[in-house]
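**Student:** Sending over a structure as structure tokens; questions will come in a sec.
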Amino acid sequence: DYRTKAAGNWTSLAVWERYNGSSWAQPSAGEGYPCQNASPGRTDINHDVTLDINIATAGRYVGDLNINTGTLELSGRDFYVSGDVVISSTLSDNNASARYKRFYGTVTVNTGATWSSLASPTSRLLFYADIINNSNNVSILRCRAASDITVSGSGSMTLDYFEYDGNGITITNQIVLASNIL
Numbered sequence: 001d002y003r004t005k006a007a008g009n010w011t012s013l014a015v016w017e018r019y020n021g022s023s024w025a026q027p028s029a030g031e032g033y034p035c036q037n038a039s040p041g042r043t044d045i046n047h048d049v050t051l052d053i054n055i056a057t058a059g060r061y062v063g064d065l066n067i068n069t070g071t072l073e074l075s076g077r078d079f080y081v082s083g084d085v086v087i088s089s090t091l092s093d094n095n096a097s098a099r100y101k102r103f104y105g106t107v108t109v110n111t112g113a114t115w116s117s118l119a120s121p122t123s124r125l126l127f128y129a130d131i132i133n134n135s136n137n138v139s140i141l142r143c144r145a146a147s148d149i150t151v152s153g154s155g156s157m158t159l160d161y162f163e164y165d166g167n168g169i170t171i172t173n174q175i176v177l178a179s180n181i182l
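With the working numbering applied, the sequence shown corresponds to residues 1 to 182, in that order.
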């Protein structure tokens, strides 16, 4: 497991602490940053971090992701999460010419959290599991459901374009569509 101890770029060892089984410590060059050498079980973001590498390289994905405080800026990089995502602060992808973002586990957006994405086209931001949104600060330009999903929660989402390719979709919360659900 990894957690941030300072703000900076994802690939900077000075940003991270790694749990060694009994305590949190500075990762060695051999242990690296999350996903450099292996897929971490859990990654916690507690500071502003900018993704400066494509995470999907060699099949290494982030396990569970918790954005507790600060901002995780994806910066148009490939980013795959195999576990669940909990956003309590800010997840941002401010690059319209986005790379692939894939979320294989449930994404939960807590009250007051912010999630914004400029990903385009829809195939670049894929969801394979449910979205539970309890915030009114969610704005996504384009995305696609890659399997049957449910969008629920007490918050509202603004989606410009949501594609679900014939997969089942259930929407039980407030969605404001600027364009279409296809």
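Even glycine gets a Cβ: it sits at the ideal position worked out from N, Cα and C.
The model shown is predicted, which means the values in this text are computed figures rather than measured ones.
Can you tell me the Cα-Cα spacing of residue 63 and residue 41, whole angstroms?
**Tutor:** 5 Å
**Student:** Does the Cβ of residue 57 have 16 or more other Cβ atoms within 10 Å, making it buried, or fewer, making it exposed?
**Tutor:** So residue 57 counts as exposed.
**Student:** List in chain order: all unbroken beta strand (DSSP E) runs of 3+ residues lying wholly within the region 47–119.
**Tutor:** For the region 47–119, whole beta strand (DSSP E) runs of length 3 or above, ordered along the chain, are 64–67, 71–73, 79–81, 85–87, 90–93, 101–103, 107–109 and 114–117.
**Student:** In three-state terms, what does DSSP make of residue 12?
**Tutor:** coil
**Student:** Cβ of residue 118 within 8 Å of Cβ of residue 78?
**Tutor:** no
**Student:** Near residue 107, which residues of its chain fall below 6 Å by C-beta distance, leaving aside the five closest residues on each side in sequence?
**Tutor:** 85 and 131
**Student:** For residue 140 versus residue 157, is the C-beta spacing smaller than 8 Å?
**Tutor:** yes
**Student:** Measuring CA to CA, which of 87, 171, 137 and 133 is closest to residue 45?
**Tutor:** 87
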